[in-house]
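Asker:
Protein chains: 2
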Amino acid sequence: VYVGVDVGGTKVLAVEISDTGEVLREAVDSTPGRGDPVSELEDALTRAVEGVADGRPLEGVGVSAAGLVEPTGQTVRFATHLPWREEPVRERLAARWGAPVVLDNDAHCATEAELAYGAGRAAGSFLLVNLGTGIGGGLALDGRVWRGAGGMAGEFGHMQVVPDGLECECGLRGCWEQYCSGRALERVFRVSLGSHLDGPQVSALAREGDEHARRAIATIGTWLGIGMANLVAAFDPALLVVGGGVSAVGDLLLDPAREALSRALVAAPHRTVPPVVPAALGPESGAIGAALLARRHAG
Amino acid sequence: VYVGVDVGGTKVLAVEISDTGEVLREAVDSTPGRGDPVSELEDALTRAVEGVADGRPLEGVGVSAAGLVEPTGQTVRFATHLPWREEPVRERLAARWGAPVVLDNDAHCATEAELAYGAGRAAGSFLLVNLGTGIGGGLALDGRVWRGAGGMAGEFGHMQVVPDGLECECGLRGCWEQYCSGRALERVFRVSLGSHLDGPQVSALAREGDEHARRAIATIGTWLGIGMANLVAAFDPALLVVGGGVSAVGDLLLDPAREALSRALVAAPHRTVPPVVPAALGPESGAIGAALLARRHAG
Numbered sequence: 018v019y020v021g022v023d024v025g026g027t028k029v030l031a032v033e034i035s036d037t038g039e040v041l042r043e044a045v046d047s048t049p050g051r052g053d054p055v056s057e058l059e060d061a062l063t064r065a066v067e068g069v070a071d072g073r074p075l076e077g078v079g080v081s082a083a084g085l086v087e088p089t090g091q092t093v094r095f096a097t098h099l100p101w102r103e104e105p106v107r108e109r110l111a112a113r114w115g116a117p118v119v120l121d122n123d124a125h126c127a128t129e130a131e132l133a134y135g136a137g138r139a140a141g142s143f144l145l146v147n148l149g150t151g152i153g154g155g156l157a158l159d160g161r162v163w164r165g166a167g168g169m170a171g172e173f174g175h176m177q178v179v180p181d182g183l184e185c186e187c188g189l190r191g192c193w194e195q196y197c198s199g200r201a202l203e204r205v206f207r208v209s210l211g212s213h214l215d216g217p218q219v220s221a222l223a224r225e226g227d228e229h230a231r232r233a234i235a236t237i238g239t240w241l242g243i244g245m246a247n248l249v250a251a252f253d254p255a256l257l258v259v260g261g262g263v264s265a266v267g268d269l270l271l272d273p274a275r276e277a278l279s280r281a282l283v284a285a286p287h288r289t290v291p292p293v294v295p296a297a298l299g300p301e302s303g304a305i306g307a308a309l310l311a312r313r314h315a316g
Numbered sequence: 018v019y020v021g022v023d024v025g026g027t028k029v030l031a032v033e034i035s036d037t038g039e040v041l042r043e044a045v046d047s048t049p050g051r052g053d054p055v056s057e058l059e060d061a062l063t064r065a066v067e068g069v070a071d072g073r074p075l076e077g078v079g080v081s082a083a084g085l086v087e088p089t090g091q092t093v094r095f096a097t098h099l100p101w102r103e104e105p106v107r108e109r110l111a112a113r114w115g116a117p118v119v120l121d122n123d124a125h126c127a128t129e130a131e132l133a134y135g136a137g138r139a140a141g142s143f144l145l146v147n148l149g150t151g152i153g154g155g156l157a158l159d160g161r162v163w164r165g166a167g168g169m170a171g172e173f174g175h176m177q178v179v180p181d182g183l184e185c186e187c188g189l190r191g192c193w194e195q196y197c198s199g200r201a202l203e204r205v206f207r208v209s210l211g212s213h214l215d216g217p218q219v220s221a222l223a224r225e226g227d228e229h230a231r232r233a234i235a236t237i238g239t240w241l242g243i244g245m246a247n248l249v250a251a252f253d254p255a256l257l258v259v260g261g262g263v264s265a266v267g268d269l270l271l272d273p274a275r276e277a278l279s280r281a282l283v284a285a286p287h288r289t290v291p292p293v294v295p296a297a298l299g300p301e302s303g304a305i306g307a308a309l310l311a312r313r314h315a316g
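Just so you know, the sequences run in chain order P and R. Just so you know, our numbering puts 125 at position 108 of the first sequence, and the rest follows in order with no gaps. Just so you know, our numbering puts 228 at position 211 of the second sequence, and the rest follows in order with no gaps.
1) Could you check where the beta strand (DSSP E) with E131 (chain R) kicks off and where it finishes?
2) Under 6 Å Cβ to Cβ from A281 (chain R), same chain only, skipping five residues before and after it: list those, please.
3) Taking only heavy atoms of the ligand PLP into account, decide whether any of them is closer than 6 Å to the Cβ of A284 (chain R).
4) Count the C-beta pairs between the region 91–111 of chain P and the region 47–66 of chain P that are closer than 8 Å, then say yes if the count reaches three, no if not.
5) Tell whether a beta-carbon distance below 7 Å holds between A250 (chain R) and S142 (chain P).
6) So, does the CB of V55 (chain P) fall closer than 7 Å to a CB anywhere in chain R?
7) In its own chain, which residues sit with a C-beta less than 6 Å from the C-beta of T236 (chain P), not counting the 5 before and 5 after it?
8) Let me confirm a value: S212 (chain P) is counted as buried when at least 16 other C-beta atoms fall within 10 Å, else exposed. Which label applies?
9) Identify the contact partners of M169 (chain R) in chain P, using a Cβ-Cβ distance below 7 Å as the criterion.
10) A308 (chain R) and G115 (chain R): beta carbons closer than 7 Å?
11) Nearest chain R C-beta to H229 (chain P) closer than 7 Å, yes or no?
12) Just verifying my parser: in three-state terms, what is the DSSP assignment at W240 (chain P)?
13) Could you confirm whether any beta carbon from chain R is found closer than 7 Å to the beta carbon of M245 (chain P)?
14) With the cut-off set at 7 Å, would you say G199 (chain R) and V263 (chain R) are in Cβ contact?
15) At which residue ranges does the region 156–230 of chain P contain complete alpha helix (DSSP H) runs of 4 or more residues, listed in the order of the chain?
16) For R94 (chain P), would you say it is in contact with chain R, using Cβ-to-Cβ distances shorter than 7 Å as the test?
17) Any idea what DSSP makes of S302 (chain R), helix, strand or coil?
18) What are the start and end residues of the alpha helix (DSSP H) that includes P273 (chain R)?
19) Go to E87 (chain P), then tell me how far its beta strand (DSSP E) extends in each direction, as first and last residue.
20) Under 7 Å between the Cβ atoms of V258 (chain P) and E131 (chain P)?
21) Contact criterion: CB-CB distance below 7 Å. Does S81 (chain R) meet it with respect to chain P?
22) Alpha carbon to alpha carbon, how far is A233 (chain R) from G135 (chain R)?
23) Is the region 268–284 of chain R touching the region 180–195 of chain P in the sense that three or more CB pairs, one from each, lie closer than 8 Å?
24) In the DSSP output, which residue or residues are listed as bridge partners for V93 (chain R)?
25) Quick one, which of R:G50, R:E87 and R:E43 has its alpha-carbon nearest G68 (chain R)'s?
26) Using a Cβ cut-off of 8 Å, which residues of the region 149–169 of chain P contact any Cβ in chain R, in chain order?
27) Please report the straight-line C-alpha distance between S91 (chain R) and R312 (chain R), rounded to a whole angstrom.
28) Go ahead and pull the three-state DSSP assignment for G4 (chain P).
29) Taking buried to mean at least 16 other C-beta atoms within 10 Å of its own C-beta, is P300 (chain P) buried or exposed?
30) Tell me, which residues are paired with I34 (chain P) by DSSP?
31) With a 10 Å radius around its C-beta and 16 neighbouring C-beta atoms as the bar for buried, classify G160 (chain R) as buried or exposed.
32) Would you mind telling me which residues of chain R sit closer than 8 Å to A304 (chain P), beta carbon to beta carbon, in chain order?
33) Can you tell which of P:T128, P:R73, P:T89 and P:D181 has its C-alpha closest to the C-alpha of G168 (chain P)?
34) Do you know offhand how far G316 (chain P)'s Cα is from D121 (chain R)'s?
35) Just the Cα atoms here: how many angstroms apart are G151 (chain P) and G174 (chain P)?
36) Using only the alpha-carbon positions, how far apart do P11 (chain R) and G238 (chain R) sit?
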């Protein structure tokens with residue numbers, strides 16, 4: 018069995034996929050905090066991978082990591098929400114699991130998945146903006162994922178949108194993901210209402226029609242559109258794909274984003290503003306892309 | 018003779034180049050204001066092109082325009098500093114000059130030139146940031162210029178760096194080129210000293226050691242580094258190439274930019290920060306790239 022496992026800021030998700038990208042099995046575990054020992058994180062990964070394998074021999078594992086992976090896919094250099102720091106993750110996990118391991122950034126994995134099976138199949142070029150704990154991003158161009166000269170393309174979340182803005186866990190200030198992400202949604206809701214709810218709870222309230230929750234999501238959506246306008250100015254893709262947990266609320270998020278995009282994009286009346294569509298693969302996209310890379314690597 | 022002509026916000030520059038990109042002849046005219054009739058602009062172009070041709074028959078002309086050119090290269094859709102609005106420039110100039118005309122965005126032309134003959138020759142990928150009246154940008158990737166799905170990639174100057182910031186001629190607010198360009202340099206110098214000097218005059222003062230002028234250039238340089246940090250986070254190129262008139266001051270501009278880039282780039286200690294180098298071709302790069310495209314188109 019080939020397994021793809023996605024290591025996000027709050028959970029670890031492993032999947033087995035079919036030839037056409039459908040999820041056949043999955044297993045979930047929770048992610049330890051970034052101050053916890055590395056071994057706890059790798060134990061959680063192992064539980065998820067073994068949960069999917071269910072006793073079958075592993076032919077290959079793809080690991081999708083929410084962090085900076087160096088270009089040859091050996092090492093996680095830096096991960097804002099994870100304990101990995103310059104860790105030789107690929108080799109260690111391959112030894113532990115007795116199987117070939119492919120390691121890549123989670124947003125690159127999700128971009129591969131959306132390109133092969135999802136919302137980006139028909140577009141020559143698209144940008145993926147994945148709103149989870151933070152923002153992961155990916156660029157697809159002429160049918161290929163652009164990983165960057167150092168494997169670090171797509172760190173959209175750490176583009177500065179507010180000079181001297183909110184502090185970010187990465188050490189900088191005013192990063193886009195402080196204004197547009199699951200954590201940003203929690204913060205906006207908390208500041209406006211004084212209630213501590215997590216992102217999925219705010220989303221659930223919004224779907225039930227709660228005005229405060231809807232306004233908080235619209236605020237995130239507006240920042241989504243502004244940031245995407247910057248990316249479109251620079252890159253001019255045919256399509257914008259929005260994924261990640263926060264995107265599950267759909268048009269409550271995407272409509273304000275589309276509006277802000279049209280307002281903030283240079284020369285909007287003189288160009289085709291790229292459509293903003295939800296990711297087709299949902300929160301499993303990183304794991305699906307990792308499984309795809311594991312299989313591609315083997316064959 | 019093949020001629021390349023660059024149409025910038027303040028001047029029109031036509032060149033003839035050798036097979037290896039050297040400028041053999043050039044002619045300059047001034048650009049009419051953006052409120053002036055289109056015919057005045059095209060008269061200025063014609064004078065410059067004929068000045069270079071000097072009676073020899075035109076085999077092809079490349080036009081490098083400071084504006085949004087639609088992807089098939091027929092029309093200038095929008096140009097912040099020029100009178101062209103949805104103008105079928107290619108066909109009209111080809112008829113007027115009796116020669117094949119190739120039309121492209123000035124920054125794409127400059128990127129072609131730096132890729133073929135200049136600072137980007139050895140790099141697999143680079144971004145070009147051209148500081149003139151505004152900012153023109155270009156992306157080269159795996160040895161090819163990425164023009165965008167709609168031919169509009171590289172409009173770096175209209176990425177928003179300050180929410181509700183300075184008004185831009187494009188109709189938006191807080192655009193990067195309001196903080197980092199020739200016009201921005203004039204504004205910063207004027208605000209700090211109350212003196213009305215143009216960009217080249219401020220640059221000349223800075224080279225002579227004037228502290229106010231140096232500080233104004235360092236301010237522009239810091240904004241250059243911040244904006245480039247955003248681009249590197251998104252795109253992760255191997256190299257950053259800075260061109261345009263303002264870049265003629267060299268390290269007075271580029272050192273503050275390098276410093277700000279290292280400070281504002283996500284995970285800088287965990288990655289190779291791309292080198293920031295001056296464009297090799299100077300202010301002729303757009304015209305050189307246009308001449309290259311004219312010759313490539315013919316042959």
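In this text, a Cβ means the ideal position worked out from N, Cα and C, and glycines have one as well. Only a predicted model underlies this, so the values are computations on that prediction, with no experimental measurement involved.
Answerer: Taking the geometry as given:
1) It is not in any beta strand (DSSP E) - E131 (chain R) instead sits in the alpha helix (DSSP H) that spans D123 to Y134.
2) I243 and A246
3) Although the ligand PLP was asked about, the structure shown includes no ligands whatsoever.
4) yes
5) no
6) no
7) V205
8) exposed
9) D253 and R288
10) no
11) no
12) helix
13) no
14) yes
15) 199–210 and 216–224
16) yes
17) helix
18) D268 to A281
19) Where E87 (chain P) is concerned, there is no enclosing beta strand (DSSP E), given that its DSSP letter is neither H nor E.
20) yes
21) no
22) 28 Å
23) yes
24) R:V86 and R:E104
25) R:E43
26) G154, L156, L158, W163, R164, G165, A166, G167, G168 and M169
27) A quick correction: the sequence has Gln, not Ser, at residue 91 (chain R). Using only the alpha carbons, I get a separation of about 17 Å.
28) Summary: the structure shown does not reach residue 4 (chain P), with chain P confined to residues 18 through 316, and so no result is reported for it.
29) buried
30) P:V40
31) exposed
32) Residues of chain R passing the Cβ test: none, with the nearest at roughly 23 Å.
33) P:T89
34) 42 Å
35) 7 Å
36) Because residue 11 (chain R) is not part of the residues shown, which for chain R are 18 to 316, the question remains open.
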